[in-house]
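Notes follow once the structure below has been shown.
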Amino acid sequence: MRSGRFKNLSIVDSLLWLFRVGIIVLVIWGSYKGLTSGKYTAEVWRDFFIFGLAQGGIYALIALGYTLVYGILFMINFAHGEVFMSGAFTAYFVADAFDKSGFLNSNPIAALSIVMLVSMAMSITIAALLERIAYRPLRGAPRLVPLITAIGASYFLQYAFRGLYGSGKKVYPEPAILSGKWIILGAPVLKTQVVVFVTAVAMMFILYYFVQKTKTGKAMRAVAENKDVARLMGIDVDQVIVTTFVVGAAMAGVAGVLYGLLFKQVDFIMGFIPGIKAFTAAVLGGIGNIPGAMVGGLVLGVIESVGPSLVLEGLGIPAAYQLKDVIAFTMLVLILIFRPQGILGQTLSEKKM
Amino acid sequence: MKQQADTNFNLKEMIQLGATGGVILILLSLFGMVESFVERDIIYKSLSLGIALVFGVIFIFGYLSAKRNGNAKSSVGIAAGLITGLVASAMLAILVYAIEPLTLRAVFVNASPALIEALTFGQEMIPGLMTLVGLSAVASLLGAIIFTLPPVPRSAILVGIIMVITVGTLEELISDVIVNIFKLFDAKKAGKSFAGIFFAKEGLSLQGSVITFVSAAVISTLWKLRSQKMKTSFNKLPPATQKSAKISTLVILSLITIFMPQIIGSYLSEILVIVAIYTLMGFGLNIVVGFAGLLDLGYVAFFAIGAYTMGLLTSIQLPQTTGLTGVQMTFWTALPFAVGASVLWGILLGVPVLRMRGDYLAIVTLGFGEIIRVLALSNFLQPLIGGAQGILGIPKPIVFGFELKTSQELYYLVIIAAALAAFISWRLRDSRTGRSWMAMREDEDVAEAMGINLIKTKLLAFATGAALSGLAGAIFAAKLGSIYPHSFNLLISINVLSLIIVGGIGSLPGVVVGAFVLVGLPELLREFSEYRMLIFGALLVTMMLVKPEGIWPAAVQKRELHGHEEDESGIEPAPA
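Chains as they are written, first to last, in our numbering: chain R, 1 to 353; chain A, 1001 to 1576.
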């Protein structure tokens, strides 16, 4: 019996190894071809890279929400993408009003800060309601139950916002101060991309400081470590869980406005794909691990921006940009198969998986 | 306890409840539901669906408020209902009043003049809003009064109201069915005049609604009073008579199943076919998720593989969209290949995820599903599978020289397939394999220690699930005649998963019930089509909060969700 099982396992293992080697060979061969084909100049590669960093910053901010909640509740908050959408979509109306009244251009920093605060406030409201109504009553239920609830909540929120704000795409206004390029280290870079990247990184540092240095952050880490012991130490676990959702939502709210600035449009289903990608980023960095989410987001952003042109076109696949999402999903599948603990993650016990 | 409670405290609770109702009403209005349902009459020219929605919510909140506050004294309950209703309707009235001065339309697309007109009943603003609040007061009072009634008339009235609304909403379909039944006996005219008693041009006629209300109320009362008695007297009958009674019920049921498409007409048959296809997939996923406990969110992938294999092997217009010439098999020759391809992919995709559990498995399979969809859509595979243009010209199945063209004919094919799937699941559940699946679901490590070969068992579950999904996909392709990558999105996986969960995970009748509730109902309620995802989401959340074991749960789940606090702690025995 034992030896039979072992034999079976080794067949599976060797299949997986073959798969691994095949993927690596494909990637290397594709990149070699892509780089040597000379289709793109060095400037284009640099632009791809910088755009990747900017969108990676957004992924990272959303990923923080997944990672924080997963770290504490071991649950995938499937509706987090909608939390992100709610903020961005609501803040659009404020941004649009500011744009029409001229406030956005006369006083861009104040205006954008208000837009961001509105976005954060909306995301926080939605996340807190979600936690209170949909997740809290289900704590301790089998894990399938909150997952299904989250899926239901996700669809409900998408179509609720469609009902409220309409189904059309809204074009985010761009403040005049952000159009054009800056020269950084001798290279021209779009101002929006710089602002998005810098804001995202700043928010991550604020969050890191919050979690590591403040009392609330300490309580969050304690609850993540062990809920029961934390409760014995006098920590209000319910309160900490709400705080976790709120902090994640605040990051998502900022990400929403940054998304609006970078991609220039919002609609009610905008949360789905970035949500899945941010989850990929969280897994890539090691879920439950805060610096991991940041690293994972940036890495995923860059891979997704550079990958289609580098590897896929190198392999001779036509219209590679269509397969951008495949790269992200393939990454997700590959990481979960080969390195479920992620780049920076600690090894998860089997029960946690 | 309630008697001694301070009245101020009660008032606060009533107002809170009213505010909740008000928020719900405002949201329903801003979602556009009120405004678009106003177009649809439940009772011809007297009551529209939109108005019924508004006052229905107020009625329910009046009832709830009375339930919370009026257990001790019915007068307190009635007052509570009234206050709650007034608060809720006042909030809605304020919204309506504020729409124009605040130009809410700039943000909320549905805060339109049509909404104002609907909620002021076509009158001027102030008198209209007063009518709204006045009628709401009546509705909430009714709700509260009905709560204070004794249980038997209370439930009779509630059933009557629900039936009037249901029948009124489904007026078109029900009158069609009535005419079709008469048609079977060659009395189409009599059927039309019979239906004419109940239904007006749109919705119920006045006398029709009265008849519906009274008969529903009477029948439900009789049922309540007599059913227990009938059951005991049935049990007293000699066993032989009982058996023949059961057999005759079965015969009648199967006769109804056979004549169903003729009775319900082509539109409802179409819906039934869709429901049956989802049931088929539901049985498949139920094996993977319900029996083996492997949460698969990429189930649509096998559905797509089945459909595409069928399309590629049978299409007579293959060169139009792809670079292939095609082999043009018949439906029946291609069917084994379609199912086989799905099984193959089920195993191929199953191997890498053998060591994953729970959420991680869910996300990886979701990734697989999305990868397949994006690939099907891309130019990269266009020469093989047609890209965004899909595959056209898939022939219909032919049985003994008879082509199954319409859904009234395809119905028989899908019903047989679904019945086959039900049979397979039922036999597998109690087999050795089924028991290993359930052991694995409860605890992989223990199952392995008990000598269950996890790899074989898992792959078998994936393969069986994929086979049923592939079968569904093949039938789907033949039914539509052409397939497009857009038909194979994540929503299908979610739908199938939701239907087995709403029905009751691991439960076979639950799959059928879930398919009817989640797939059939939204198709029936065309008015709701714009809001079906909204309702779908809300329904999933409510279901998980209120009845996580599903509508028709399997025995184990029932025990698990009501017996223990912690999952994963105890090992439940497999159901007998």
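Even glycine gets a Cβ: it sits at the ideal position worked out from N, Cα and C.
Reducing DSSP to helix, strand and coil, say where residue i ends up.
i: Leu1119 of chain A; result: helix
i: Phe1194 of chain A; result: helix
i: Ile1162 of chain A; result: helix
i: Arg5 of chain R; result: For Arg5 of chain R, the predicted structure reports a pLDDT of 48, less than 50, and the residue's modelled location is therefore unreliable. The matter cannot be settled from this model.
i: Ala1005 of chain A; result: Residue placement at Ala1005 of chain A cannot be trusted, given a pLDDT of 47 that sits under 50; what the coordinates show is reported in the next sentence. Here Ala1005 of chain A sits in coil by DSSP.
i: Asp1567 of chain A; result: Low confidence applies here, because Asp1567 of chain A scores a pLDDT of 43, under 50, leaving its location unreliable and the question unanswered by this model.
i: Trp45 of chain R; result: helix
i: Asp1359 of chain A; result: helix
i: Gly100 of chain R; result: Contrary to the premise, residue 100 of chain R reads as Lys rather than Gly in this sequence. Here Lys100 of chain R sits in helix by DSSP.
i: Asp236 of chain R; result: coil
i: Phe1380 of chain A; result: coil
i: Ile317 of chain R; result: coil
i: Lys277 of chain R; result: helix
i: Leu1184 of chain A; result: helix
i: Leu1173 of chain A; result: helix
i: Leu157 of chain R; result: helix
i: Lys170 of chain R; result: strand
i: Val21 of chain R; result: helix
i: Ser1046 of chain A; result: coil
i: Glu1403 of chain A; result: strand
i: Ile114 of chain R; result: helix
i: Ile1398 of chain A; result: strand
i: Phe1516 of chain A; result: helix
i: Phe1199 of chain A; result: strand
i: Gly65 of chain R; result: helix
i: Ile991 of chain A; result: Residue 991 of chain A lies beyond the range of chain A shown here (1001 to 1576); nothing can be said about it.
Looking at the secondary structure, which residues open and close the beta strand (DSSP E) in which residue i lies?
i: Pro1239 of chain A; result: Unbroken run through Pro1239 of chain A is the alpha helix (DSSP H), 1239 to 1285; no beta strand (DSSP E).
i: Pro188 of chain R; result: 187 to 190
i: Lys181 of chain R; result: 181 to 184
i: Ile1078 of chain A; result: Looking at the DSSP string, Ile1078 of chain A is not in any beta strand (DSSP E); the run it does join, the alpha helix (DSSP H), is 1074 to 1099.
i: Ile1043 of chain A; result: 1041 to 1043
Considering residue i, what are the terminal residues of the alpha helix (DSSP H) in which it resides?
i: Pro1336 of chain A; result: 1331 to 1350
i: Ile337 of chain R; result: 324 to 338
i: Ile1452 of chain A; result: Taken as a continuous stretch (DSSP letters only), Ile1452 of chain A belongs to no alpha helix (DSSP H), as it is neither H nor E.
i: Ile1394 of chain A; result: Run containing Ile1394 of chain A: none; DSSP gives neither H nor E here.
i: Pro1127 of chain A; result: 1125 to 1148
i: Leu178 of chain R; result: Careful: Leu178 of chain R lies outside any alpha helix (DSSP H) and carries neither H nor E.
i: Leu1534 of chain A; result: 1532 to 1546
i: Pro1522 of chain A; result: 1521 to 1524
i: Phe1213 of chain A; result: 1206 to 1236
Rounded to the nearest angstrom, how far is the Cβ of residue i from that of residue j, given a contact under 8 angstroms?
i: Gly1191 of chain A; j: Lys1183 of chain A; result: 6 angstroms
i: Ala1137 of chain A; j: Leu1086 of chain A; result: 6 angstroms
i: Ala153 of chain R; j: Ala249 of chain R; result: At roughly 13 angstroms, the Cβ-Cβ gap does not stay under 8 angstroms, so Ala153 of chain R and Ala249 of chain R are not in contact.
i: Met251 of chain R; j: Leu64 of chain R; result: 5 angstroms
i: Tyr1063 of chain A; j: Gly1081 of chain A; result: 7 angstroms
i: Gly1203 of chain A; j: Ala1088 of chain A; result: Contact doesn't hold; Cβ gap of about 26 angstroms is too wide.
i: Ala1417 of chain A; j: Ile1500 of chain A; result: About 17 angstroms; that fails the 8 angstroms criterion.
i: Ile1024 of chain A; j: Ile1165 of chain A; result: With 8 angstroms as the limit, Ile1024 of chain A and Ile1165 of chain A do not qualify as a contact, their Cβ atoms being about 18 angstroms apart.
i: Val254 of chain R; j: Thr330 of chain R; result: Incorrect: roughly 29 angstroms between the Cβ atoms, too far for contact.
Shorter than 8 angstroms from the beta carbon of residue i to some beta carbon of chain B?
i: Phe93 of chain R; result: Going by chain labels, chain B is absent from the structure shown, which instead holds the protein chains R and A.
| query | Given a limit of 7 angstroms on CB to CB distance, which residues of the region 1019 to 1035 of chain A reach chain R? | reply | If the cut-off is 7 angstroms between Cβ atoms, the region 1019 to 1035 of chain A has Leu1030, Phe1031, Gly1032 near chain R.
| query | At a Cβ cut of 8 angstroms, what residues of the region 1261 to 1287 of chain A count as close to chain R, listed as they run along the chain? | reply | Of all residues in the region 1261 to 1287 of chain A, none is placed with a Cβ closer than 8 angstroms to any Cβ belonging to chain R.
| If contact means a Cβ-Cβ distance below 9 angstroms, which residues of the region 1529 to 1543 of chain A contact chain R? | Listed by position along the chain: Glu1530, Tyr1531, Arg1532, Met1533, Leu1534, Ile1535, Phe1536, Gly1537, Ala1538, Leu1539, Leu1540, Val1541, Thr1542, Met1543.
| Interface positions of the region 138 to 161 of chain R facing chain A (Cβ-Cβ less than 8 angstroms), listed along the chain | Listed by position along the chain: Leu138, Gly140, Ala141, Pro142, Arg143, Leu144, Val145, Pro146, Leu147, Ile148, Thr149, Ile151, Gly152, Ala153, Ser154, Tyr155, Phe156, Leu157, Gln158, Tyr159, Ala160.
| task | For the region 1498 to 1510 of chain A, enumerate the residues whose C-beta is nearer than 8 angstroms to any C-beta of chain R, in chain order. | result | Of all residues in the region 1498 to 1510 of chain A, Ser1498, Ile1501, Ile1505 have a Cβ within less than 8 angstroms of some Cβ in chain R.
| What residues in the region 1347 to 1371 of chain A have a beta carbon less than 8 angstroms from any beta carbon of chain R? | Flagged, chain order: Val1351, Pro1352, Val1353, Leu1354, Met1356, Arg1357, Gly1358, Asp1359, Tyr1360, Ala1362, Ile1363, Val1364, Leu1366, Gly1367, Phe1368, Glu1370, Ile1371.
| query | Which residues, in order along the region 315 to 345 of chain R, keep a beta-carbon less than 7 angstroms from a beta-carbon of chain A? | reply | Those would be Ile317, Pro318, Ala319, Gln322, Leu323, Asp325, Val326, Phe329, Thr330, Leu332, Val333, Leu336, Ile337, Pro340, in chain order.
| task | Please specify which runs of the alpha helix (DSSP H), each continuous and at least 4 residues long, are wholly inside the region 237 to 276 of chain R, giving them in chain order. | result | Counting whole runs of 4 or more residues, the region 237 to 276 of chain R contains the alpha helix (DSSP H) stretches 237 to 263.
| Taking a cut of 7 angstroms between CB atoms, which residues from the region 1289 to 1302 of chain A lie near chain R? | If the cut-off is 7 angstroms between Cβ atoms, the region 1289 to 1302 of chain A has Leu1295 near chain R.
| If you measure beta-carbon to beta-carbon, which residues of the region 254 to 271 of chain R are closer than 8 angstroms to chain A? | Against chain A - using a Cβ distance shorter than 8 angstroms - the region 254 to 271 of chain R contributes no residues.
| field | Near-chain R residues of the region 1104 to 1129 of chain A (beta-carbon distance less than 7 angstroms), N- to C-terminal order | value | Residues of the region 1104 to 1129 of chain A whose Cβ lies closer than 7 angstroms to any Cβ of chain R, in chain order: Val1107, Phe1108, Val1109, Asn1110.
| Which of the residues in the region 19 to 50 of chain R, read from start to end, lie with their CB under 8 angstroms from any CB of chain A? | Flagged, chain order: Phe19.
| request: Taking only beta carbons into account, state which residues of the region 76 to 91 of chain R come closer than 7 angstroms to chain A, listed in chain order. | output: Result list: Ile76.
| Taking a cut of 9 angstroms between CB atoms, which residues from the region 1459 to 1488 of chain A lie near chain R? | Within the region 1459 to 1488 of chain A, no residue has a Cβ that lies closer than 9 angstroms to any Cβ of chain R.
| If you scan the region 1284 to 1324 of chain A from start to end, which runs of the alpha helix (DSSP H) of 4 or more residues do you find wholly inside it? | Within the region 1284 to 1324 of chain A, the complete alpha helix (DSSP H) runs of at least 4 residues are 1300 to 1314, 1318 to 1321.
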